[in-house]
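These notes concern the structure reproduced below.
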Amino acid sequence: SIVRALADTSDVFGAWRVSLPLTLQLAKYSKEQLRLEIPFFVWVLSTSLRFDPDRIVNTNLSPQSASTAELVFTILPRSRFNESEGDEIATIFNWEMQNATSGLRQANLLQYALPPPVSIAVGNVELHRCPSAPFLNSNSPCPVQSDQKSSNSWVIFLAPIVAGGLVLLLSIWFIIFWRQRKMKRAAASGTAAPISAAWMTGQADHVSTSTNQFQGRHQQL
43 SIVRALADTS DVFGAWRVSL PLTLQLAKYS KEQLRLEIPF FVWVLSTSLR
93 FDPDRIVNTN LSPQSASTAE LVFTILPRSR FNESEGDEIA TIFNWEMQNA
143 TSGLRQANLL QYALPPPVSI AVGNVELHRC PSAPFLNSNS PCPVQSDQKS
193 SNSWVIFLAP IVAGGLVLLL SIWFIIFWRQ RKMKRAAASG TAAPISAAWM
243 TGQADHVSTS TNQFQGRHQQ L
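In our numbering, the protein residues as written are 43 to 263.
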């Protein structure tokens with residue numbers, strides 16, 4: 043469909059925006075009723091004029107006064123050669139709405155259109171497609187997706203924990219390294235004492251032996 047085709051690209055493309063005034067008191071309708079009326083309007087319009095209903099996007103009903111409203115919708119470019127282009131659909135729609143006995147005028151929201159001649163505004167707009175988002179004007183940025191928000195919040199939450207863990211690991215490594223170095227120094231100083239003592243003991247034995255030998259020689263004399 044046209045939606046899938048345009049979803050594969052982020053390029054800006056042209057479309058047609060149609061605006062129609064209605065004598066409709068929106069305050070009398072609940073949000074649920076209006077939510078159901080819009081897709082039914084799209085179905086009526088696409089069936090009557092014979093084009094892909096997915097080409098109708100950004101349909102909106104907004105109050106203009108206590109007793110009037112504005113119906114706005116956008117027609118996307120055609121995806122098949124056997125369909126009318128958006129400007130042709132807008133022109134045919136205008137003709138139908140200028141005919142008081144038109145069958146299209148009797149259906150759904152269009153029955154509240156002002157009697158002919160009715161002023162219908164048709165203009166060109168530039169849109170772009172965002173992932174998992176409606177078609178937006180070319181100067182409107184794509185909204186941040188909920189999963190991206192969630193991932194960003196997790197990053198913000200985990201960043202100080204990871205940093206604290208790294209500091210803790212470095213501190214433990216430094217303490218272990220310092221203790222091992224201290225133990226090596228203590229071991230080195232501890233092994234030097236017996237060697238020195240043995241040397242002194244040997245020297246003492248040597249002196250004692252020499253003294254005894256001297257005394258023995260003296261007695262013989």
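Ideal Cβ positions, reconstructed from N, Cα and C, are used throughout, including at glycine.
Where residue i falls: helix, strand or coil (DSSP)
i, result
"residue 209", "helix"
"residue 181", "coil"
"residue 111", "strand"
"residue 136", "helix"
"residue 201", "helix"
"residue 150", "helix"
"residue 214", "helix"
"residue 145", "coil"
"residue 162", "coil"
"residue 168", "strand"
"residue 241", "Any answer about residue 241 is weak, because its pLDDT of 46 lies below 50 and its placement is not dependable; what the coordinates show is given next. It is helical."
"residue 43", "Only weak support is given to the placement of residue 43: the predicted model assigns it a pLDDT of 48, under 50, and the value that follows is read from those uncertain coordinates. Of the three classes helix, strand and coil, the one that applies to residue 43 here is coil, per DSSP."
Own chain partners of residue i with C-beta closer than 8 Å, once the 5 adjacent residues on each side are dropped
i, result
"residue 139", "62, 146, 147, 152, 155, 158, 160, 162"
"residue 71", "79"
"residue 210", "none"
"residue 141", "147, 158"
Supposed close pair residue i, residue j - CB separation, criterion 8 Å
i, j, result
"residue 98", "residue 117", "6 Å"
"residue 164", "residue 60", "5 Å"
"residue 168", "residue 182", "Wrong, their Cβ atoms sit about 10 Å apart, outside the cutoff."
"residue 166", "residue 56", "6 Å"
Cut-off 7 Å between Cβ atoms - residues of its own chain near residue i, not counting five sequence neighbours on either side
i, result
"residue 131", "91, 93, 117"
"residue 176", "99, 100"
"residue 129", "58"
"residue 207", "none"
"residue 113", "62, 64, 103, 151"
"residue 266", "This structure does not reach residue 266, given that the chain is present from 43 up to 263, and the question cannot be answered."
"residue 109", "65, 67"
"residue 115", "60, 98, 100, 101"
message: So, does the stretch 75-91 touch the stretch 149-159, judging by three or more C-beta pairs under 8 Å?
response: Touching, yes, given that three or more Cβ pairs across the two stretches are closer than 8 Å.
message: Pairs of beta-carbons, one from the stretch 61-74 and one from the stretch 96-106, closer than 8 Å: are there three or more?
response: In this structure the stretch 61-74 touches the stretch 96-106; the number of beta carbon pairs closer than 8 Å is three or more.
message: Contact between the stretch 88-97 and the stretch 112-122 is defined here as three or more beta-carbon pairs at a separation below 8 Å; is this criterion met?
response: By the Cβ test, the stretch 88-97 is in contact with the stretch 112-122, since at least three Cβ pairs between them sit closer than 8 Å.
query: What runs of the beta strand (DSSP E), each 3 residues or longer, lie entirely inside the stretch 45-111?
result: Fully enclosed beta strand (DSSP E) runs of 3 or longer: 55-64, 98-105.
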